[in-house]
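With the sequence shown counted from 1, adding 42 to any position gets you the working numbering. Ideal Cβ positions, reconstructed from N, Cα and C, are used throughout, including at glycine. Treat the numbers as computed from the prediction; the structure is a model and nothing was measured.
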Amino acid sequence: MPFAKFVFQPGINKEGTNYSNEGGWFDADKVRFRKGRPERIGGWEKNTSSSFLGTCRKIHNYSDVQSNNYTILGTHLKLYAKQGTAINDITPLRLTTSAGDVTFAASNGSSTITVTDTSHGAKKNDFVTFSGASSLGGNITAAVLNQEYQIDTIVNANSFTIEAKDTSGATVTANSSDDPSTGGGNGGSSVVGAYQLNVGLDVYVPGTGWGVDTWGSGGFGSTSDVDYLNQLRLWSIDNFGDDTIACPRGGPLYYWDESSGTSTRAVLASSLAGASDVPTSNLQIMMSDVDRHVISFGCNPIGSSTIDPMLVRFSTSESAVDWTPSATNSAGGVQLSTGSKIIGALQTRQEILIWTDVGLVSMRFVGSPFIFSFNEVATGMSAVSPNSMASAGGAVYFMDNGGFYVYTGAVQKLPCSVLDHIFSDFNYTQSYKVFAAAIPTHNEIMWFYPSSTSSEIDRYVIYNYLEKSWSIGTTTDGFTRTAWNPAYILDNPLAAGKLDTTQNNYLYNHEVGHSADGSDFTAFIESADFDLDPDGERFMFISKLIPDLQYRGSSDTGNTVSMTIKGRNFPLESLSTLQTISVTPNSTFTNTRARARQSAIRIENTGSNFGWRLGDIRLELRQDGKR
43 MPFAKFVFQP
53 GINKEGTNYS
63 NEGGWFDADK
73 VRFRKGRPER
83 IGGWEKNTSS
93 SFLGTCRKIH
103 NYSDVQSNNY
113 TILGTHLKLY
123 AKQGTAINDI
133 TPLRLTTSAG
143 DVTFAASNGS
153 STITVTDTSH
163 GAKKNDFVTF
173 SGASSLGGNI
183 TAAVLNQEYQ
193 IDTIVNANSF
203 TIEAKDTSGA
213 TVTANSSDDP
223 STGGGNGGSS
233 VVGAYQLNVG
243 LDVYVPGTGW
253 GVDTWGSGGF
263 GSTSDVDYLN
273 QLRLWSIDNF
283 GDDTIACPRG
293 GPLYYWDESS
303 GTSTRAVLAS
313 SLAGASDVPT
323 SNLQIMMSDV
333 DRHVISFGCN
343 PIGSSTIDPM
353 LVRFSTSESA
363 VDWTPSATNS
373 AGGVQLSTGS
383 KIIGALQTRQ
393 EILIWTDVGL
403 VSMRFVGSPF
413 IFSFNEVATG
423 MSAVSPNSMA
433 SAGGAVYFMD
443 NGGFYVYTGA
453 VQKLPCSVLD
463 HIFSDFNYTQ
473 SYKVFAAAIP
483 THNEIMWFYP
493 SSTSSEIDRY
503 VIYNYLEKSW
513 SIGTTTDGFT
523 RTAWNPAYIL
533 DNPLAAGKLD
543 TTQNNYLYNH
553 EVGHSADGSD
563 FTAFIESADF
573 DLDPDGERFM
583 FISKLIPDLQ
593 YRGSSDTGNT
603 VSMTIKGRNF
613 PLESLSTLQT
623 ISVTPNSTFT
633 NTRARARQSA
643 IRIENTGSNF
653 GWRLGDIRLE
663 LRQDGKR
């Protein structure tokens, strides 16, 4: 019998059944399409051995005028500035106490220390650094006390607890000499507490009232009003020249002076010289590149401390701190009229796009007297999260609560062959975690999202905007990502990873090699069912397979990709494995014995030293009997 060449349509299609998608691909993981052919995605490796605390939801990279490169990270616990291989803590301080406001109390045989500080304003997991403390008299020495701590529990408005540790992080247990009941001290009258910005959450909490906060964050049975600031911590970050502006969603504007070095912290922009009417609450901030205004999307009006979620305000040009409109500057503001809140904004080459909960608005610099124009572009759609949009290939792509869109001066909905697969298994409660990732070198936009059974990102979808094909996958094998920075300044895309068992997380370079940071990862693609004749009546017997694979990165003859022939007799039957073939770079053909009315092909490998690209598979088929 002659060989039959199988050429499957590019992209994954899950809009119909497996059988109805004959001639296409039905499932995949860690596979992209390039020039119509499926191939294993590139690998990834740690950008630096330095880790950071918390879940990172924003990465911003820039270079100063002296070509120093900075990467700014915003996590739910900290704000960092990375230079070189070092990740430096620049988290702003919320409060620094006067000497003597803080006292300590230890109990014999316990590592728990109770800290008393009237009206401390802290939350569970906040960070505080103590200085000026003296020994309690025993194991709790000055060195133990005078360091950074993460708060364990909030006792009340005037006290909280920490877990004593030495400078290596090992737990320290108090003895009788530390206990005040047996003569222990309280740290002395010179203790100063420097409290960092209240931490946010790494999970979105819907609603308010009893039990809506994280476990142990307040008194038992107490209510908790979850607002913008103490919700899922999302950052907006941009550079103002060589410096950095940053804002936790719902919080104030912070400023980090690059010239002061990475050992200094960001400070409130409102505390800087010349500051005037700087917004105290912002949903998002950005620097307008062309006209050099700092813009706030969803902020408090002048004279009010309450967020107006539809208000856009901007500073005067060339200033991050002067926000008072006058006849001699370009500061101002506009309240958008359609919608109830701003979801997010993205800067493109000629305009700034603003997504409200009901549509899209174009913001353009026009100069005096209006400074900016605002035009409604489209309604009837939105953005699923503040980071669900990305610019690539001269267009802007975004995801809303039920589809994908492209903006090229007008908004068009993208036909999507995996739409139901995504949105029928989507955790809408955690939708604000969704982010878009641009990979221009491969003409791709990726969206990372949480499935219905996961509170964290565990799935992704890839759209090749040049070839208009889709692929899907999971975040298994260490592929959980929470933020992304395209390779515009850096050589490779930079992503923030999240480990399941620790707060210590890492940055990863992507499209590097073929491993998962030195370990294996699994990539596969599986076809839809195919049969022997148009009516699907006859059984077929597959007697030979000729593989066609391009191996990448290594020509080692031991490199193996498995090709599995699956089969079933009826569409609602489960696919059975009929035969698995190991394909190496030297493989020619393989004799097979696979019989079914419907068959499918699965290509898969688990490895770390090579990639692969699929060509055309040829099968020797003949009609077989029904027995």
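Nearest candidate by alpha-carbon position, reference residue i, set the options
{"i": "P80", "options": "A636, E579 and F566", "result": "F566"}
{"i": "I337", "options": "L295, T306, I531 and L456", "result": "L295"}
{"i": "S210", "options": "E646, L187 and V419", "result": "L187"}
{"i": "D319", "options": "S357, H102 and G78", "result": "S357"}
{"i": "A70", "options": "S585, A46, R501 and T348", "result": "R501"}
{"i": "I645", "options": "F631, S616 and T602", "result": "T602"}
{"i": "L661", "options": "T632, T648 and W654", "result": "T632"}
{"i": "T495", "options": "E509, F468 and F414", "result": "F468"}
{"i": "G345", "options": "Y505, P321 and M352", "result": "P321"}
{"i": "G649", "options": "A288, H463, F563 and D350", "result": "F563"}
{"i": "I584", "options": "Q640, L541 and G560", "result": "Q640"}
{"i": "G436", "options": "S410, R406, L508 and W489", "result": "L508"}
{"i": "D106", "options": "F414, I531 and N240", "result": "I531"}
{"i": "A674", "options": "T517, T544 and T543", "result": "Outside the modelled stretch of the chain, which goes from 43 to 669, sits residue 674, for which no answer is possible."}
{"i": "P367", "options": "P351, T348 and P411", "result": "P411"}
{"i": "N103", "options": "N546, D533 and R580", "result": "D533"}
Assumed close pair residue i, residue j - CB separation to whole angstroms, cut-off 8 Å
{"i": "A212", "j": "S153", "result": "About 10 Å; that fails the 8 Å criterion."}
{"i": "I155", "j": "T203", "result": "7 Å"}
{"i": "D280", "j": "Y297", "result": "Not confirmed; about 11 Å, so no contact."}
{"i": "V170", "j": "Q238", "result": "7 Å"}
{"i": "F94", "j": "D658", "result": "About 46 Å separates the two Cβ atoms, so there is no contact after all."}
{"i": "S665", "j": "L574", "result": "The question names Ser, but residue 665 in the sequence shown is Gln. About 6 Å separates the two Cβ atoms, so the contact holds."}
{"i": "S140", "j": "A199", "result": "18 Å between Cβ atoms; not a contact."}
{"i": "G292", "j": "D269", "result": "6 Å"}
C-beta atoms of residue i and residue j nearer than 8 Å
{"i": "I83", "j": "R76", "result": "no"}
{"i": "S511", "j": "G53", "result": "yes"}
{"i": "V363", "j": "G303", "result": "no"}
{"i": "L274", "j": "L243", "result": "yes"}
{"i": "P134", "j": "L314", "result": "no"}
{"i": "T390", "j": "V438", "result": "yes"}
{"i": "T387", "j": "Q326", "result": "Rather than Thr, the amino acid found at residue 387 in this sequence is Ala. Yes, they are a contact pair."}
{"i": "I481", "j": "P535", "result": "yes"}
{"i": "R334", "j": "S359", "result": "yes"}
{"i": "G520", "j": "A558", "result": "yes"}
{"i": "G179", "j": "G142", "result": "no"}
{"i": "Q675", "j": "L353", "result": "Any question about residue 675 goes unanswered here, given that the chain covers just 43 to 669."}
{"i": "S569", "j": "I514", "result": "no"}
{"i": "D571", "j": "Y61", "result": "yes"}
{"i": "F446", "j": "Y505", "result": "yes"}
{"i": "L395", "j": "Y470", "result": "no"}
{"i": "S218", "j": "N150", "result": "yes"}
{"i": "A541", "j": "T90", "result": "Here residue 541 is Leu; the residue named in the question, Ala, does not match the sequence. No, the pair does not count as a contact, with Cβ atoms beyond the cut-off."}
Which of helix, strand or coil DSSP assigns to residue i
{"i": "L135", "result": "strand"}
{"i": "Q454", "result": "strand"}
{"i": "W257", "result": "No answer about W257 holds up, because its pLDDT of 44 lies below 50 and its placement is not dependable."}
{"i": "A184", "result": "helix"}
{"i": "T250", "result": "No answer about T250 holds up, because its pLDDT of 44 lies below 50 and its placement is not dependable."}
{"i": "H700", "result": "Nothing about residue 700 can be read from this structure; the chain reaches only from 43 to 669."}
{"i": "I279", "result": "strand"}
{"i": "A311", "result": "helix"}
{"i": "H102", "result": "strand"}
{"i": "S301", "result": "helix"}
{"i": "T483", "result": "helix"}
{"i": "L461", "result": "helix"}
{"i": "I54", "result": "strand"}
{"i": "K88", "result": "strand"}
{"i": "S671", "result": "There is simply no residue 671 to check, as the chain begins at 43 and stops at 669 in what is shown."}
{"i": "P411", "result": "coil"}
{"i": "Q472", "result": "helix"}
{"i": "S424", "result": "coil"}
{"i": "G263", "result": "The pLDDT assigned to G263 is 41, lower than 50, so where the model puts this residue is not dependable, and the model offers no usable value."}
{"i": "T224", "result": "helix"}
{"i": "V376", "result": "strand"}
Any chain B beta carbon closer than 8 Å to residue i
{"i": "F146", "result": "Chain labels in this structure do not include chain B; a single protein chain is all it has."}
How do the stretch 604–621 and the stretch 634–647 stand: do at least 3 beta-carbon pairs fall below 8 Å, yes or no? yes
The stretch 421–430 touching the stretch 393–406, judged by at least three CB pairs closer than 8 Å: yes
Segment contact flag, the stretch 115–132 with the stretch 227–234, C-beta cutoff 8 Å, min 3 pairs: no
So, does the stretch 520–531 touch the stretch 477–484, judging by three or more C-beta pairs under 8 Å? yes
Pairs of beta-carbons, one from the stretch 548–561 and one from the stretch 608–618, closer than 8 Å: are there three or more? no
So, does the stretch 584–593 touch the stretch 110–121, judging by three or more C-beta pairs under 8 Å? no
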